[in-house]
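Just so you know, the sequence shown maps onto residues 1 to 549 in the UniProt record's numbering.
Heads up, the thing below is written out as structure tokens.
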Amino acid sequence: MDSQTLANLHQLLDHESDLREKIRDQVNDFDKKTRILVGILSKIHSTRSESIPSLIQTARPVLYSCSETIVELASLIPPNQFWRWKDMWCNSLRTAVFAAALSEYLTNGTLISLESTSNVLGMQDRWKDRVNLSVEDYLHGLITMVNELSRLAVNAVILGDFEQPLKISAFVKDIFSGFSMLNLKNDTLRRRFDSLKYDMKKIEEGRLASDIFMSRRQGMPLRPASSEEIECWNHAAASLSTLSAIYSGPATIETIGRVNRLISAWPADDTLPAEGLDSVKAIYKKLVSGLEEIRLTSEKENKAIDNAMEQLGILIALRKAPEIISQEKRNKRPRAASPSAGGTPVPQVLPAPGGINRVSITLPARNSSTGPPAGTALPREPKARREAWAKQLPLQEGRQVAFHPPPNKGNSSVTESDDNNWILAVVDKCINGDKNRYEVHDPESVPISRFNTTLRSIIPLPDPNAPAGSPSSLSAYREFPIGSTVLALYPDTSCFYRAEVVATPTDTAPSVRSDTPYASTYRVKFEDDDNQELVVQAQWVVEWPGGQR
């Protein structure tokens, strides 16, 4: 080999080395911009839906600036050498495609096309032999977008956006069906496509959580949550917060990005690269480590999801339970009726669902039970009642009252011997202007039952909407001291029962925030309720109509 040939070869090597360094500088700049894009877009998981458009606007200038780097690359790459150099920037290009696709979906709810993505990145047809967006890079970017949307479907529910998981589910299913019709011969792309099944599973879990919340918001009755429901929700919220922390953790994002880059660097078609077997072994070791981290993270995610779904399932079952018809609701908590003359237990046949008769035992009242004996007559003198409630009369339409319904021989829940049966009712009108006579209805009955009654069968409840100082407001009702016998609404039912005050609103106030629906509450023990202490809002507690003992 003569000296001239050696000089030419040396010159070519120097030129290629300089060209490689210049290309690497541009690729580093490209990679820096895409990392900034990923950092901005990752904030969607902690941003409410109404603020996402403004977040996308902050990412667009960075996305559009990528075209400047692509122009520089096109000026550096020699003609017809696209495939020689493309591996240097393919990861950054795929990230840019992901950013463009995610921005398009979050803005317009549509899938960005290959041509539109090329235009956003500033690619021109005359550069196709030097720099262009290949179909494989475009598809890789779409898969990364689906990975991100699977996280968003869960985090959106945590942020209270129950519509987003439904939209994401429909959008991703459409993308998945499109991928299924492609004949993917690239092993790396085919492996990443297989991972979409796990993303769809996560999205369905987010959609299920959304359905639970939506059914709670749209179809469930508005009533205070029981302590058991609050406890279930606290457990579910803790699990969802744990899941969100795992999803949005920088370590998780970095590990997934590192594994995706390693997969992209794995030799295509399992052919040995020019770097030799040692480079493949190094990639293999890093892949094993990264995939093990992802596996451990996924197990934590699955555990958090399972815990959240279990608690949410219990919660929705508890919230649906009161939707059965009112009479079943009122019979779900057995009450001790008046004792028989001889004081012995009396068997009583009660109708059960499905036509099967159940036998229950009516026990004599205990000496230690609160309130007067069940057989004590209620003081129902109209004059005395009018004088006690004179400033509130006539009762206005919509006023809630405790109502003692008349005996109904065809109604198994209200018997002539049950003088202590009081239910929640609503005033419809004052009859003929007589302050003593009213029409009320039972809002829980199906169909709605209406009654003409008098003040002897009504106890007006405090009106939470009445202004301060009004005789109907809660402040106008006296506070019952500890040990008082009261008539209180049993939690999650529409029935009032006799109870003993264990703690007053004054006692419970320091431990309860004043802006919660539980701010003014009593703790009471209901008769024949295994000595349980339950919390009842003060607006559902009134004086026992049989007098104090």
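A virtual CB, placed ideally from N, CA and C, is assigned to each residue, including glycine.
Is residue j closer than 7 Å to residue i when the C-beta atoms are compared?
i: A101; j: M145; result: yes
i: T58; j: I40; result: yes
i: S244; j: N91; result: no
i: W544; j: V486; result: yes
i: T242; j: G290; result: no
i: V62; j: K33; result: yes
i: P471; j: K435; result: no
i: S118; j: L133; result: yes
i: V488; j: V541; result: One detail in the question is off: residue 488 reads as Ala in this sequence, not Val. Cβ distance < 7 Å, so A488 and V541 count as in contact.
i: L240; j: A156; result: no
i: S473; j: A466; result: yes
i: A402; j: F480; result: no
i: F193; j: F179; result: yes
i: P165; j: R207; result: yes
i: N147; j: D187; result: no
i: A153; j: I168; result: yes
Using the rule of at least 16 other Cβ atoms within 10 Å of the residue's Cβ for burial, across every protein chain shown, is residue i buried or exposed?
i: H404; result: buried
i: T521; result: buried
i: P460; result: buried
i: E21; result: exposed
i: Y138; result: buried
i: V288; result: exposed
i: residue 569; result: With the chain running from 1 to 549 in the structure shown, residue 569 is simply not present.
i: G469; result: exposed
i: Q4; result: exposed
i: I448; result: exposed
i: M123; result: buried
i: W89; result: buried
i: I482; result: exposed
i: V446; result: exposed
i: S17; result: exposed
i: D2; result: exposed
For a test of the three-state rule: what should DSSP assign to residue i, helix, strand or coil?
i: T493; result: coil
i: S65; result: helix
i: W233; result: helix
i: L534; result: strand
i: T255; result: helix
i: P250; result: helix
i: T110; result: coil
i: V524; result: strand
i: N260; result: helix
i: A499; result: strand
i: D199; result: helix
i: R450; result: strand
i: residue 559; result: Nothing about residue 559 can be read from this structure; the chain reaches only from 1 to 549.
i: I423; result: strand
i: A402; result: strand
i: Y284; result: helix
i: I459; result: strand
i: A308; result: helix
i: E439; result: strand
i: K429; result: strand
i: T504; result: coil
i: L149; result: helix
i: H15; result: helix
i: L487; result: strand
i: E299; result: helix
i: E397; result: coil
i: E292; result: helix
i: E479; result: coil
Excluding the five sequence neighbours on either side, which residues of its own chain have a C-beta within less than 6 Å of the C-beta of residue i, listed in chain order?
i: E228; result: none
i: Q26; result: T69, E72 and L73
i: L111; result: none
i: L424; result: S494
i: R190; result: L184
i: H140; result: R94
i: W83; result: none
i: T107; result: I56
i: R437; result: I431 and T454
Excluding five sequence neighbours on each side, which residues of the same chain lie with their C-beta closer than 8 Å to the C-beta of residue i?
i: W85; result: I23 and I77
Between residue i and chain C, is the shortest Cβ-Cβ distance under 7 Å, so that the two count as touching?
i: V135; result: Structure shown: chain C not included; a single protein chain is present.
Can you list, in chain order, the residues of its chain whose CB lies under 7 Å from that of residue i, leaving out five sequence neighbours each side?
i: G398; result: V426 and V427
i: H10; result: none
i: D129; result: P79, N80 and F82
i: V283; result: This sequence places Ile at residue 283; Val is not what is there. Here the set comprises L262, A265 and W266.
Open item on the list: Extract the residue ranges of the alpha helix (DSSP H) inside the region 99 to 146, only unbroken runs of 4 or more that lie entirely within it.
Closed with: 114 to 120
- [ ] Please list the segments of the beta strand (DSSP E) lying wholly inside the region 67 to 95, counting only runs of 3 or more residues, in order along the chain.
- [x] none
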